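Asker: From first to last, the protein sequence lines stand for chains A and B. According to our numbering, the first sequence holds residues 24 to 330 in order. According to our numbering, the second sequence holds residues 210 to 296 in order.
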Amino acid sequence: MSFDKIIGQEKVKRKLSFYLESQHKTLLSPHLLFIAPRGSGKTLLASTYAGQLLNSEGKKRKLVTINCASLSSLRSFIDDVVDVFIVNKEVTILFDEASEIPDPIGTALLTILNPNKENKNIFSYSDRSIEFDFKKITFLFATTEGHKINPPLVDRLERVDLEDYSNDDLVTIVQRNTSAVISNDAMAEIKSVLRGNARKATQMANNITLYISSTKKKEFDINDWNEFKMKLGINPLGLTPLEIKILKILSEKSLTTLTNLSAKTQMSRQSLQRDVENHLQKLNLMEISVGGRKITSQGRAYLEGLK
Amino acid sequence: MAKKSGTKHHVVIKLEDLNKMFKGNDVIPVPKGFVKSIAYLLSAHSVSLDEVNKDAGNALETQATAETETDAVPEAKVQVTETNFED
Numbered sequence: 024m025s026f027d028k029i030i031g032q033e034k035v036k037r038k039l040s041f042y043l044e045s046q047h048k049t050l051l052s053p054h055l056l057f058i059a060p061r062g063s064g065k066t067l068l069a070s071t072y073a074g075q076l077l078n079s080e081g082k083k084r085k086l087v088t089i090n091c092a093s094l095s096s097l098r099s100f101i102d103d104v105v106d107v108f109i110v111n112k113e114v115t116i117l118f119d120e121a122s123e124i125p126d127p128i129g130t131a132l133l134t135i136l137n138p139n140k141e142n143k144n145i146f147s148y149s150d151r152s153i154e155f156d157f158k159k160i161t162f163l164f165a166t167t168e169g170h171k172i173n174p175p176l177v178d179r180l181e182r183v184d185l186e187d188y189s190n191d192d193l194v195t196i197v198q199r200n201t202s203a204v205i206s207n208d209a210m211a212e213i214k215s216v217l218r219g220n221a222r223k224a225t226q227m228a229n230n231i232t233l234y235i236s237s238t239k240k241k242e243f244d245i246n247d248w249n250e251f252k253m254k255l256g257i258n259p260l261g262l263t264p265l266e267i268k269i270l271k272i273l274s275e276k277s278l279t280t281l282t283n284l285s286a287k288t289q290m291s292r293q294s295l296q297r298d299v300e301n302h303l304q305k306l307n308l309m310e311i312s313v314g315g316r317k318i319t320s321q322g323r324a325y326l327e328g329l330k
Numbered sequence: 210m211a212k213k214s215g216t217k218h219h220v221v222i223k224l225e226d227l228n229k230m231f232k233g234n235d236v237i238p239v240p241k242g243f244v245k246s247i248a249y250l251l252s253a254h255s256v257s258l259d260e261v262n263k264d265a266g267n268a269l270e271t272q273a274t275a276e277t278e279t280d281a282v283p284e285a286k287v288q289v290t291e292t293n294f295e296d
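1. Can you list, in chain order, the residues of its chain whose CB lies under 7 Å from that of A:R323, leaving out five sequence neighbours each side?
2. Helix, strand or coil, according to DSSP, for A:L76 in the structure here?
3. Is A:Q75 near the ligand FAD - that is, is its Cβ less than 6 Å away from at least one heavy atom of it?
4. So, for A:I116: in the same chain, excluding its five sequence neighbours on each side, which residues have a beta-carbon less than 6 Å away from its beta-carbon?
5. Just the chain B side, please: which residues come within less than 8 Å of A:V104 by C-beta, in chain order?
6. When you compare only the Cα positions, how much space is there between B:M210 and B:K229?
7. Count the other CB atoms, across all protein chains shown, that sit within 10 Å of the CB of A:I128; report buried if there are 16 or more and exposed otherwise.
8. Is A:S93 close to chain B? Criterion is C-beta to C-beta, closer than 7 Å.
9. Is there a C-beta anywhere in chain B that falls below 7 Å from the one on A:V35?
10. Just the C-alpha distance for A:N249 and A:I257, rounded to the nearest angstrom, thanks.
11. Span of the beta strand (DSSP E) holding A:S182?
12. If we call anything under 7 Å between Cβ atoms a contact, is A:F118 one with A:F164?
13. Between the Cα of A:R218 and those of A:I235, A:N207, A:L193 and A:R199, spot the shortest distance and give me the residue it belongs to.
14. So that I know if they touch, is there some Cβ in chain B lying closer than 7 Å to that of A:N207?
15. Is it buried or exposed, B:T279, if we count other Cβ atoms within 10 angstroms and call 16 or more buried?
16. Which residue's Cα is closest to the Cα of B:S169: B:L224, B:K232 and B:L258?
17. What are the uninterrupted segments assigned as alpha helix (DSSP H) that are 4 or more residues long and contained completely in the stretch 288-318 of chain A, given in chain order?
18. Using 7 Å as the limit for Cβ to Cβ distance, is A:G74 near chain B?
19. For A:Q32 and A:V183, what's the separation of their Cα atoms in angstroms?
20. Closer than 7 Å, CB to CB, is A:N90 near chain B or not?
21. Kindly say whether A:L86, judged by its beta-carbon, lies nearer than 7 Å to any beta-carbon of chain B.
22. Taking C-beta pairs closer than 9 Å, name the residues in chain B that A:F26 reaches, listed in chain order.
23. Specify the secondary structure class of A:I30 as computed by DSSP and reduced to three states.
24. A:R179: which of A:M210, A:N142, A:D191 and A:D208 sits nearest, CA to CA?
25. Please compile the residues from chain B whose C-beta is within a distance smaller than 8 Å of the C-beta of A:F100.
26. Would you mind giving the Cβ-Cβ distance between A:E44 and A:R84, rounded to the nearest angstrom? I have them listed as a contact below 8 Å.
27. Which same chain residues end up closer than 7 Å to A:L306 when comparing Cβ atoms and leaving out the 5 residues on each side of it in sequence?
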């Protein structure tokens, strides 16, 4: 079983390899739910897994990836997906952004995925009966927001939670995705701004490739890095201008409420919590206490360093 | 507005006023509670409401279907990507 192209995620890869070995013998795979933050490689892992599932002739099954935000009704799911790709076929279906699955389809999936000894289910819709044979069909789900998926549906799936990427994993991802020879000191700077995110590492590698092709060099050293980060506006620790703005607002008062932050940044409270605060807290640059949000001593040092 | 007059329990509308709104082939939905009264009045003119109703029902159905078809917004297609893994 091969997940060679995927860096890190050793535990997950072992688990998936186990399921693949079993599928190759029995044609049965559990239906999997991949949960991880954005840019962690959920879809890549899911599609790499799907690419190794076999049909009854021993050939690789087709993968059909559905953008769940485009699912509108149970009827469109039946007409555009089930009838076209599932009925009388051997296929793997990947629900990408699975938290967006509309309720009627989520409810139908509860019936379709109801576990039983036969590993088959008949789903009745309108005046039809549609058979789902799990030796022929496997459902995969990928989402950043597992809590938004109906719990009974989660119960029917095997969860695959991705691990955090280590700095070494991220360095390997950068190196694999660019032909540039990156010096050690430049690489130390690069990994400090990747925010633990595999997609960011790939994007960084692509940008470095663009940079060296413009400079007609093969090496990328610390001087290149300094010029590169100036051109692309990369901040220390990879913080975005918005995150720095939040730190500056927090530094003005001892405690700031989320409502106040929302008013000053023109962002919704939810968006602030989801997109900004999590990362600042992860880096210990801000903290949340009973009375509100406040900047930490590390956060103040960060702002000092920018001057 | 059509001129109205009547008693405590009835409203009377002049046919000439209704004629301004309707043409010969138009159909008018009538509450089922009034059907018996109208059928009785029509029978005096040898007109059976069953036949009228059948045609009118079809016409109403066609009208309703046409309205639904006009109002219905076509549902967006599900976005799907197919991947074939070659051996």
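C-beta: ideal position from N, C-alpha, C; glycine also. All values derive from a computational prediction rather than experimental measurement.
Answerer: Short version:
1. S274
2. coil
3. Absent from the structure shown: the ligand FAD. Ligands present: none.
4. V87 and F162
5. V287 and V289
6. Annotation note: pLDDT 48 at B:M210 (below 50); position unreliable, coordinate value reported separately. Each residue's Cα considered, the two are about 10 Å apart.
7. buried
8. yes
9. no
10. 10 Å
11. Note that residue 182 of chain A is Arg in the sequence shown here, rather than Ser. Segment E181 to D184, the beta strand (DSSP E) holding A:R182.
12. yes
13. A:L193
14. no
15. The pLDDT assigned to B:T279 is 49, lower than 50, so where the model puts this residue is not dependable, and the model offers no usable value.
16. As displayed, chain B neither begins before 210 nor continues past 296, which places residue 169 of chain B out of reach and without an answer.
17. 301-305
18. yes
19. 11 Å
20. yes
21. yes
22. Chain B residues near A:F26: none, gap ~14 Å exceeds 9 Å.
23. coil
24. A:N142
25. V287
26. No, A:E44 and A:R84 are not in contact; Cβ-Cβ is about 16 Å, not under 8 Å.
27. L260
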